[in-house]
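Novice: Top line first, the protein sequences correspond to chains A and B.
Here our numbering runs 125 ahead of the position in the first sequence, where the first position is 1.
Here our numbering runs 1368 ahead of the position in the second sequence, where the first position is 1.
Quick reminder that beta carbons are idealized off the backbone N, C-alpha and C, glycines included.
Quantities reported herein were computed from a predicted structural model and do not represent experimental measurements.
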Amino acid sequence: MNSANYKRWTISAIAFIALILIWEVAVKGLGLFEYILPPPSEVLKYIWGSTLDGTLPSAILVTMKRLLLGYAIGLCIGIPTGMLCSRFNIFQDTVGLLALGLQALPSVCWVPLAIMWFGQTESAMLFVVVMGTVWSMILATEHGVRNIPPIYLRAASTMGSKGMHTWIHVILPASFPSILGGMKQGWAFAWRSLMAAEIYVTILTGFGLGQLLHYGRELMEMNQVIGVMCIVILIGLIVDKVLFSPLEAHLRKKWGISKD
Amino acid sequence: MSVHAELQNVTAKLSVKNVNKTFDSAQGKVEALKDINLRVEEGEFVCLVGPSGCGKSTLLNLIAGLDKPDSGEILVDDIPVTGPGRDRMVMFQEHALFPWLDVFNNVLFGLKLKPNLTDPERKEVAKFYLHLVGLDKFAKASIHELSGGMRQRVALARSLAPNPRVLLMDETFGALDALTREQLYGELQQIWQKRKKTIIFVTHNIREAVCLGDRVILFSPHPGRIVQEFDIPLPRLRDINDPALTSHASMITAALKQHIGAKEIAE
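1) Exposed or buried, which one is E159 of chain A when buried takes at least 16 other CB atoms within 10 Å?
2) Could you pull out every residue in the same chain whose Cβ sits closer than 7 Å to the Cβ of F314 of chain A, ignoring the five residues on either side in sequence?
3) Would you call the CB atoms of E1409 of chain B and K1381 of chain B closer than 8 Å?
4) Determine which residues share a DSSP beta bridge with P1448 of chain B and list them.
5) Assuming contact is defined by CB atoms lying nearer than 8 Å, are L1528 of chain B and R1563 of chain B in contact in what I supplied?
6) Can you tell me which of A:K287, A:D365, A:H339 puts its alpha carbon nearest to the alpha carbon of L305 of chain A?
7) Taking the alpha helix (DSSP H) that V236 of chain A falls in, what are its first and last residues?
8) May I have the straight-line CA-CA distance separating V1371 of chain B from E247 of chain A, to the nearest angstrom?
9) Here's the rule: buried if 16 or more other CB atoms are within 10 angstroms of the residue's CB, otherwise exposed. What is S211 of chain A?
10) On the DSSP letters alone, give me the boundaries of the alpha helix (DSSP H) that T135 of chain A sits inside.
11) Against chain C, with Cβ distances strictly below 8 Å, would W292 of chain A count as a contact?
12) Taking 8 Å as the CB-CB limit, is S1439 of chain B close to chain A?
13) Identify, in the order they occur along the chain, each residue of the same chain with its Cβ nearer than 7 Å to the Cβ of I273 of chain A, setting aside the five sequence neighbours on each side.
14) From this set, A:E346, A:A374, A:W380, A:H375, which residue's C-alpha is nearest I161 of chain A's C-alpha?
15) Consider the Cβ of I276 of chain A: report whether some Cβ of chain B lies at a distance smaller than 8 Å.
16) Would you mind giving the Cβ-Cβ distance between K1541 of chain B and Q1520 of chain B, rounded to the nearest angstrom? I have them listed as a contact below 8 Å.
17) Just to make sure I have the definition right: I need the residues of chain A whose C-beta is within less than 7 Å of the C-beta of G1478 of chain B. Which are they?
18) Taking Cβ to Cβ, would you say L1465 of chain B is nearer than 8 Å to I1511 of chain B?
19) So, W235 of chain A versus S318 of chain A, is the Cβ gap smaller than 8 Å?
20) Among B:R1606, B:P1591, B:Q1596, B:I1608, which residue has its Cα nearest to the Cα of L1624 of chain B?
21) Helix, strand or coil for C1415 of chain B? Go by DSSP, reduced to three states.
22) At least one CB of chain A closer than 8 Å to the CB of F1506 of chain B: is that the case?
23) Under a three-way DSSP split, which group does N1388 of chain B fall into?
24) Quick check: what's the CA-CA separation for A1546 of chain B versus Y131 of chain A?
25) Let me know if N1377 of chain B comes out buried or exposed under the rule of 16 or more other beta-carbons within 10 Å of its beta-carbon.
26) Going by the DSSP bridge assignment, what does L1536 of chain B pair with across the sheet?
27) Looking at D1607 of chain B and R1583 of chain B, is the spacing between their C-beta atoms short of 8 Å?
28) Please report whether the beta-carbon of F369 of chain A lies at a distance below 8 Å from any beta-carbon of chain B.
29) With burial defined as no fewer than 16 other Cβ atoms inside 10 Å of the residue's Cβ, what is the status of W1560 of chain B: buried or exposed?
30) So L334 of chain A packs on Q349 of chain A, CB below 8 Å; how close in whole Å?
31) Can you pull the DSSP bridge partners for G1396 of chain B?
32) Would V1444 of chain B count as contacting chain A if we go by Cβ distances under 8 Å?
33) When the Cα of V1534 of chain B is compared with those of B:G1411, B:V1501, B:K1424, which residue comes out closest?
34) Out of A:W312, A:P237, A:E149, point me to the one whose CA is closest to A265 of chain A's CA.
35) According to DSSP, R1407 of chain B sits in a beta bridge with which residue or residues?
Listed below in structure tokens is the structure:
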């Protein structure tokens, strides 16, 4: 890390610590917003306490399981379907068009239907996450495959590549930048819609983060509400750093896209 | 098959017989190639020159098997071309290297598709060709880290690696700066002498054609056809700046002007 970067980090850190301190002093010391805003120390106390008694870790586990499983299903359906759409016009003019339309639908709109179809079950949660992921994946894959420079395919075919070999070793890696864009968008949609679904519906087989948020409100536990919100933000950031940043760094290194 | 056998020089003769090709365009049918007849001997270096639209690249694609002629046939060692094949490798104007693979794996790509070789043998062959183009040190580099000239060297290594009998080059040096190009003329001639491929090289640069070719085939456009052939009996290695090239080049240029001029008058 060079000195300019170091300086910027320091400024960010000071600003946020100051904000938290002011908040703490304002609520605890001066008694401002006493009933509507818990002080940071209370929020931390909640996070610490619920971590120790296991409610928070188990909620994170339940939510992440739904999210990752639904996301994986969405990718497994979306990428091959997108490829079919790019290859066969009959798919593009049917499934592709459907994807274009449904992608415009905020994925939280699937929640009522999911409950009517699946009841208050894990399947309903999964369904919402899959719907959040799959349409963006189809569109991104289809777009990526269609925009592969034709010269890659010509070069590959002169070297004897054809059929499945071309799909796996040329088309898939060549469209990866676009697919990664779709994965990021699909992830964002899935994460948001799952939170909405969990707040909206109580699933008895497992309490997720959304449900903790919901019950925090029911019980007027402001520190719980804000504590869970912090965890949700944290998970979003971590996934971005753990899952997507390495893939993007890899792309930059290999392809030389957007140097910074 | 051993690496030694794999690295043997192989070459092929090629014949193009009465080939015609038309394309549909917005302006109607375009006769890209009309009555093309051409024989290329084993290990010969032939350059196809002509202005754009004369069908020289179309002919190259037909020989590569990337496209099919409307009529006529193309034979490689008396066997008709029906599609792309490992015996005929193509180098394009853009390098067409795969950015998701490093240099070494780009060279390895075609070899992996070649049966009867073990993986260590394939790697050894890839190393051999990377060494041939002088890029051993860049095996692990990403494509975007290389200069234009280095990319075309990798593309050359990739095309040579499956040991084709015929190498088809489509304005391969067209996008490079003049200095790099001059350097590659020398390298290509040296490699051709070592590897003894039959090479068909498409260009619109007449001096380049004279520098590289044993024979220069002149095309004229609308319809694309062969108008004249020139033998270039100069000794190798030739330098692009050698004054001896000039008389050949100006003869071809004059012939080209005459053919285009005569047609414009006729029209």
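Specialist: On the basis of the coordinates in this document:
1) Result: exposed.
2) S232, G257, T258, S261, listed in sequence order.
3) Result yes, Cβ atoms of E1409 of chain B and K1381 of chain B sit closer than 8 Å.
4) When DSSP reads this structure, P1448 of chain B sits in a beta bridge with B:L1443.
5) Yes, the Cβ-Cβ distance between L1528 of chain B and R1563 of chain B is below 8 Å.
6) For L305 of chain A, the closest C-alpha among the options A:K287, A:D365, A:H339 is that of A:D365.
7) Where V236 of chain A is concerned, the enclosing alpha helix (DSSP H) starts and stops at 236–243.
8) Their Cα atoms are separated by approximately 58 Å.
9) By the Cβ neighbour-count rule, S211 of chain A is buried, with 16 or more other Cβ atoms within 10 Å of its own.
10) It spans 128–149 - the alpha helix (DSSP H) in which T135 of chain A sits, taken as one unbroken run.
11) Protein chains in the displayed structure are A and B, and chain C is not among them.
12) Interface annotation, S1439 of chain B: not in contact with chain A, CB-CB separation never under 8 Å.
13) Hits under 7 Å: I296, A299, S300.
14) Of the listed residues, the one whose Cα sits closest to I161 of chain A is A:E346.
15) So, interface residue.
16) The question names Lys, yet the displayed sequence has Phe at residue 1541 of chain B. With 8 Å as the limit, F1541 of chain B and Q1520 of chain B qualify as a contact, their Cβ atoms being about 7 Å apart.
17) Within chain A, the residues near G1478 of chain B are M284, G285.
18) The answer is yes: Cβ separation under 8 Å.
19) In this structure, W235 of chain A sits near S318 of chain A, with a CB-CB distance shorter than 8 Å.
20) Looking at the Cα atoms, B:Q1596 is the closest of the given residues.
21) Annotated three-state conformation of C1415 of chain B is strand, per DSSP.
22) False, the Cβ-Cβ gap to chain A never drops below 8 Å.
23) DSSP, reduced to helix, strand and coil, places N1388 of chain B within a strand of the structure shown.
24) When rounded, the distance between both Cα atoms is 45 Å.
25) Here N1377 of chain B is exposed. Its C-beta has fewer than 16 other C-beta atoms within 10 Å.
26) B:V1458, B:I1568.
27) Cβ atoms of R1583 of chain B and D1607 of chain B: not closer than 8 Å.
28) Output row for F369 of chain A: interface = no.
29) Buried is the call here.
30) Actually they are not in contact, since the Cβ atoms of L334 of chain A and Q349 of chain A sit about 11 Å apart, beyond 8 Å.
31) The partner list for G1396 of chain B (beta bridge, DSSP) reads B:S1393.
32) Not an interface residue.
33) Nearest option by C-alpha distance: B:G1411.
34) The closest CA to that of A265 of chain A, considering only A:W312, A:P237, A:E149, is found on A:W312.
35) Beta-bridge analysis with DSSP links R1407 of chain B to B:S1383.
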